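Colleague: Take this structure first; my questions come after.
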Amino acid sequence: MNSVQLFDIIFYVLAATVLASASIVVFSRNIVYAAFSLLFTLFGVAGLYVLLNADFLAITQLMVYVGGILVLILFGVMLTNKVVSVDIKTGTLQVVPAAILVVLTAGILCSIILATHWLGAGTTDFLVVKTTAPKIGEALITTHMLLFEVASVVLLVAIIGAAMIARREKTQ
Amino acid sequence: MLAQILFNLAFIKPEIALTMTLCAAILTDLLYKNRTGLVAGIVLGGFAAAAIGLATQAGLSVSVFNGALAIDPFSNFFKMVILACSSFVVLFSLGSNEVSAMKSRQGEYYALLSAMALGMFLMVSATDLLVMYVTLELSSLTSYILSGSMKAQKNSSEASLKYLLYGAFSSGVMLYGISLIYGLTGSLNIFTINTVLAHGGASSPAVLIAGIFLLVGFGYKISAVPFHFWTPDVYEGAPTTITAFLSVASKAAGFGMLMRAFKVVFIDTGALGTPGAWSLLHGIDAQSILIVLSILTMTLGNLVALWQDNVKRLLAYSSIAHAGYMLLGLVVLGNDGFSATMLYFVIYMFMNLGAFYVVILVSNNTGNETMESYKGLGARSPFLAVGMAIFLVSLTGLPPTAGFIGKLYIFAALINAKMVALAIVGVLNSVVSLYYYARVFRNMFLRESTGETSLIPISMPTYALLLILLVPTILLGLYFGPLVQFAQYSVAMFGIK
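Chains B and E, in that order, are what the protein sequence lines are.
Numbered according to my numbering, the first sequence spans residues 193 to 364.
Numbered according to my numbering, the second sequence spans residues 2 to 498.
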């Protein structure tokens, strides 16, 4: 078995995991099931990153999404009173137009993705391991210095906003 | 590299001033409890510092931070509009009952206004798709928070949540478009993208789809139809000061970014043509998409506005319609169209902020924004009613107000470009808009007040502020030469002849 076939097999297995678990997240009426299948979605995406030689991105995905956000969601679900037993109020509206739109969009996107020659497609060999972390670190504080700083302002604003909205109103 | 970064810092003085204002406002709010006036003063001082920074950059045309930002007359023009609008909103907020009802959250409110101004400053300068995305997120994120800042009101939280959901979806689609463009061209810098596209480095259907996805992000920011669904609910639920801010500054930032991206990415730099006119790259019909978008935007905005009974909602749909008129300036594909849109923005700032300021003052007194509460306003406060009437006449685009001049230049640019049909659609739309603006006149002057009949007290600063908005709305309709020249000068973007 050559490396190209192996790459394809791993890719399809990971993609199937992501798609299957993501549809459970969306369609499940039980929020605990949804939260746990999100775990597989996030792991699958991390796997895709590893496959594409994006090691730093994969580790970040694991630490931030699986380790941070997902655990936070699970704690939120478990600590919230009664949320486990209550069905989430979901309804489906406009099924036919939505289905037509989704099929159309998916069809157009797939045909375009297949027809287009993508830059750099098929040039990475996943068996050659190169670490990307130093390059990313260097780019962040040189080429993308401004973005790095703007992102810090975005985070500052998000923290202030969260505190402002969540803070309990003092009754005098 | 370090020397270069330090050198580049000299070109973003206004942005640095705004960032420091944000930090200073937060720290002041932490140190001194309930000193709202002080925080607002610091924010205003920061805006003044940013204005001085802007003035020192007049006439510059440089690219800084490895092509992340362009400091040029075009971005300076939009930054001035954004800064003026932000300062007006701070002044409005000081006299708004809705803002003073926020009690201990007012400090954050003013601090976030400067953060939003920072995001919008960077948006109009951005020449890199990733920078565009992150700065768009910065300004959107602050708008979600500010829309929901009246926690006691259910509407406000609803507005914030709806805005967040629409915003998250739109920016997700936009990000997907950016990733497609990166996959096609291997670059995020809009100048490089243009070069690659011009050399046929990308097949057109994929570019078209990626472009449409990008347009979802831009369209959401300028509330163009069909990406406008959040607008009425958010404009109605948010504090009126923020509604005014979103309808002018946020739209200006979105337009600045859209205009730069549209022109730089799709211009055919090799084509020879008459000076001031430019042609698009072969194979991508971005012009037709914008034509459809602008017709839909103004027609839907105006028609739906006819049925509104809440003045804030009415002005929301009217602002959608105005985005449509301003898009007309883009489809001309020429510098005169761009300068007409930019001129329109200055005028639109005065008239739209003025209309919202009257709404704030009336709701301070009546506690709501329904059409009912405008009945008999002519008798209760002649000054407010006449002011509102002038702003609305200007929004309709009738002479001798500034709104007429704004529309005149846009329609003239269309006719010069031989797009007469489109100009007729625009004029017909203005006629429709007269009907719903006239409903407000009728309530103000021809109907008796149903409830309260006492005079509405107006303080001296309020008089002054309203006059500052009122005088340009009339004056720019009579003496507009210098402003037109300034707009024509400011069309110049970095990197494009």
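Think of the CB as a built atom: it goes at the ideal place given N, C-alpha and C, for glycine as much as any other residue.
Keep in mind it's a predicted model, so treat the numbers as computed, not measured.
Any beta carbon of chain B sitting closer than 9 Å to that of E:T143?
Modeller: By 1-based counting over the second sequence, the position of residue 143 of chain E is 142. Yes, E:T143 lies at the interface with chain B (some Cβ there is under 9 Å from its Cβ).
Colleague: Please report the distance separating the alpha-carbon of E:N77 from that of E:S248.
Modeller: To locate residue 77 of chain E, count along the second sequence from 1; it is residue 76. To locate residue 248 of chain E, count along the second sequence from 1; it is residue 247. The straight-line gap from Cα to Cα measures roughly 20 Å.
Colleague: For E:F89 versus E:L466, is the C-beta distance shorter than 9 Å?
Modeller: As a working note, residue 89 of chain E is residue 88 in the second sequence. As a working note, residue 466 of chain E is residue 465 in the second sequence. Yes, these two residues count as a Cβ contact at 9 Å.
Colleague: Which value, in whole angstroms, describes the spacing of the CA atoms of B:Q364 and E:S101?
Modeller: Here residue 364 of chain B refers to the residue found at position 172 when the first sequence is read from its first residue. Here residue 101 of chain E refers to the residue found at position 100 when the second sequence is read from its first residue. Here the model assigns B:Q364 a pLDDT of 47, short of 50, so the residue's position is not dependable and the matter cannot be decided.
Colleague: So, is the C-beta of B:A350 closer than 9 Å to a C-beta in chain E?
Modeller: Counting from one through the first sequence, the residue named residue 350 of chain B turns up at place 158. B:A350 counts as touching chain E.
Colleague: Checking contacts by CB at 9 Å: is E:L123 closer than that to chain B?
Modeller: Residue numbering aside, residue 123 of chain E sits at position 122 when the second sequence is read from its first letter. Interface annotation, E:L123: in contact with chain B, CB-CB separation under 9 Å.
Colleague: Using a Cβ-Cβ cut-off of 9 Å, state whether E:A153 counts as contacting chain B.
Modeller: Taking the second sequence and counting its residues from 1, one reaches residue 153 of chain E at position 152. Cβ-Cβ to chain B under 9 Å: yes for E:A153.
Colleague: From E:L328, E:A245 and E:F192, pick the residue whose C-alpha is nearest to that of E:D269; which is it?
Modeller: As a position in the second sequence, residue 269 of chain E is number 268, starting the count at 1. Checking every option, the nearest Cα to that of E:D269 belongs to E:F192.
Colleague: Quick check: the region 239-250 of chain B against the region 198-206 of chain B, are at least 3 beta-carbon pairs closer than 8 Å?
Modeller: yes
Colleague: In its own chain, which residues sit with a C-beta less than 7 Å from the C-beta of E:L315, not counting the 5 before and 5 after it?
Modeller: Taking the first residue of the second sequence as position 1, residue 315 of chain E is located at position 314. If we look at E:L315 and ignore the five residues flanking it on each side, its Cβ neighbours are A306, Q309 and Y437.
Colleague: Just the Cα atoms here: how many angstroms apart are E:G284 and E:L181?
Modeller: Against the second sequence, residue 284 of chain E aligns to sequence position 283. Against the second sequence, residue 181 of chain E aligns to sequence position 180. Between E:G284 and E:L181, the alpha-carbon positions lie close to 18 Å from each other.
Colleague: Do E:G338 and E:V347 have their beta-carbon atoms positioned less than 9 Å apart in this structure?
Modeller: To locate residue 347 of chain E, count along the second sequence from 1; it is residue 346. To locate residue 338 of chain E, count along the second sequence from 1; it is residue 337. Not a contact, by the Cβ cut-off of 9 Å.
Colleague: Any idea if E:M2 is buried or exposed, counting beta-carbon neighbours within 10 angstroms, 16 or more meaning buried?
Modeller: As a working mapping, residue 2 of chain E is identified with position 1 in the second sequence. E:M2 sits exposed, since fewer than 16 C-beta atoms from the chains shown fall within 10 Å of its C-beta.
Colleague: If you run the structure through DSSP and keep just helix, strand and coil, what is E:V492?
Modeller: As a first step, residue 492 of chain E must be located in the second sequence, where it is residue number 491. Note: E:V492 maps to coil in three-state DSSP.
Colleague: With DSSP as the reference, identify every bridge partner of E:G335, one or two as the case may be.
Modeller: As a working mapping, residue 335 of chain E is identified with position 334 in the second sequence. Per DSSP, E:A278.
Colleague: May I ask you to verify whether the region 367-387 of chain E touches the region 479-495 of chain E, counting CB pairs closer than 8 Å and requiring at least 3?
Modeller: no
Colleague: Does DSSP put E:E138 in a helix, a strand or coil?
Modeller: The residue labelled residue 138 of chain E in the question sits at position 137 within the second sequence. Helix, per DSSP.
Colleague: Which residues of chain E have a Cβ atom closer than 7 Å to the Cβ of B:M370, listed in chain order?
Modeller: Here chain B comprises residues numbered 193 to 364, so residue 370 of chain B is not present and cannot be evaluated.
Colleague: Rounded to whole angstroms, what is the Cα-Cα separation between E:P227 and E:L329?
Modeller: Here residue 227 of chain E corresponds to residue number 226 of the second sequence, with the count starting at 1. Here residue 329 of chain E corresponds to residue number 328 of the second sequence, with the count starting at 1. The straight-line gap from Cα to Cα measures roughly 16 Å.
Colleague: What residues of chain E sit near B:T334, judged by a beta carbon separation below 7 Å?
Modeller: Stepping through the first sequence from its first residue, residue 334 of chain B is reached at position 142. Within chain E, the residues near B:T334 are M2.
Colleague: I'd like to know if the region 417-426 of chain E and the region 354-369 of chain E are in contact, where contact means that at least 3 CB-CB pairs between them fall below 8 Å.
Modeller: no
Colleague: Among the residues of its own chain, which have a CB less than 8 Å from the CB of E:L10, if the five just before and after it don't count?
Modeller: Along the second sequence, one-based indexing puts residue 10 of chain E at 9. Taken in chain order, the residues that qualify are I17.
Colleague: Could you check which residue in E:D30, E:S87 and E:K14 has the C-alpha nearest to that of E:T57?
Modeller: Position 56 of the second sequence, counted from the start, is the residue given in the question as residue 57 of chain E. Among E:D30, E:S87 and E:K14, the Cα nearest to that of E:T57 belongs to E:K14.
Colleague: Which residues, taken in chain order from the region 198-232 of chain E, show a beta carbon closer than 7 Å to some beta carbon of chain A?
Modeller: In the structure shown, chain A cannot be found, because the protein chains are B and E.
Colleague: Count the other CB atoms, across all protein chains shown, that sit within 10 Å of the CB of B:V321; report buried if there are 16 or more and exposed otherwise.
Modeller: Numbered from 1 along the first sequence, position 129 holds the residue referred to as residue 321 of chain B. Classification for B:V321: exposed.
Colleague: Does E:K104 come within less than 9 Å of chain B when only Cβ atoms are used?
Modeller: Here residue 104 of chain E is taken as the residue at index 103 of the second sequence, counted from 1. Judged by the 9 Å Cβ criterion, E:K104 is in contact with chain B.
Colleague: What three-state label does DSSP hand E:S64 in the structure shown?
Modeller: Mapped onto the second sequence, residue 64 of chain E falls at position 63. The answer is strand: DSSP assigns E:S64 an E or B state.
Colleague: Rank E:M299, E:V441 and E:Y345 by C-alpha distance to the C-alpha of E:T402 and give the top, closest one.
Modeller: For this step, residue 402 of chain E is matched to residue 401 along the second sequence. The candidate whose alpha carbon is nearest that of E:T402 is E:Y345.
Colleague: What does E:G149 touch in chain B if you count any residue whose Cβ is under 7 Å from its own?
Modeller: In the second sequence, the residue the question calls residue 149 of chain E occupies position 148. Those within 7 Å of E:G149 in chain B are I357.
Colleague: Excluding five sequence neighbours on each side, which residues of the same chain lie with their C-beta closer than 6 Å to the C-beta of B:L266?
Modeller: Your numbering for residue 266 of chain B matches position 74 in the first sequence. Here the set comprises A227.
Colleague: Pull up the CB-CB distance for E:L139 and B:V288, whole angstroms please, since I reckon it's below 8 Å.
Modeller: Your numbering for residue 139 of chain E matches position 138 in the second sequence. Your numbering for residue 288 of chain B matches position 96 in the first sequence. With 8 Å as the limit, E:L139 and B:V288 do not qualify as a contact, their Cβ atoms being about 39 Å apart.
Colleague: Tell whether a beta-carbon distance below 9 Å holds between E:S157 and E:Y145.
Modeller: Residue numbering aside, residue 157 of chain E sits at position 156 when the second sequence is read from its first letter. Residue numbering aside, residue 145 of chain E sits at position 144 when the second sequence is read from its first letter. No; because the gap between Cβ atoms is not below 9 Å, this pair is not in contact.
Colleague: Counting pairs of beta carbons, one from the region 233-250 of chain E and one from the region 193-209 of chain E, are three or more of them closer than 8 Å?
Modeller: Because the criterion of three Cβ pairs below 8 Å is not met, the region 233-250 of chain E and the region 193-209 of chain E do not touch.
Colleague: Is it a yes or a no for the region 246-263 of chain E touching the region 68-88 of chain E, going by three-plus beta-carbon pairs under 8 Å?
Modeller: yes
Colleague: Which residues in chain E have a C-beta closer than 9 Å to the C-beta of B:I300? List them in chain order.
Modeller: The count along the first sequence starts at 1 and reaches residue 300 of chain B at position 108. Chain E residues near B:I300: P206 and I210.
Colleague: Looking at the C-beta of B:V288, does it have a partner C-beta in chain E at a distance below 9 Å?
Modeller: If you number the first sequence from 1, residue 288 of chain B lands on position 96. With 9 Å as the cut-off, B:V288 does not count as an interface residue toward chain E.
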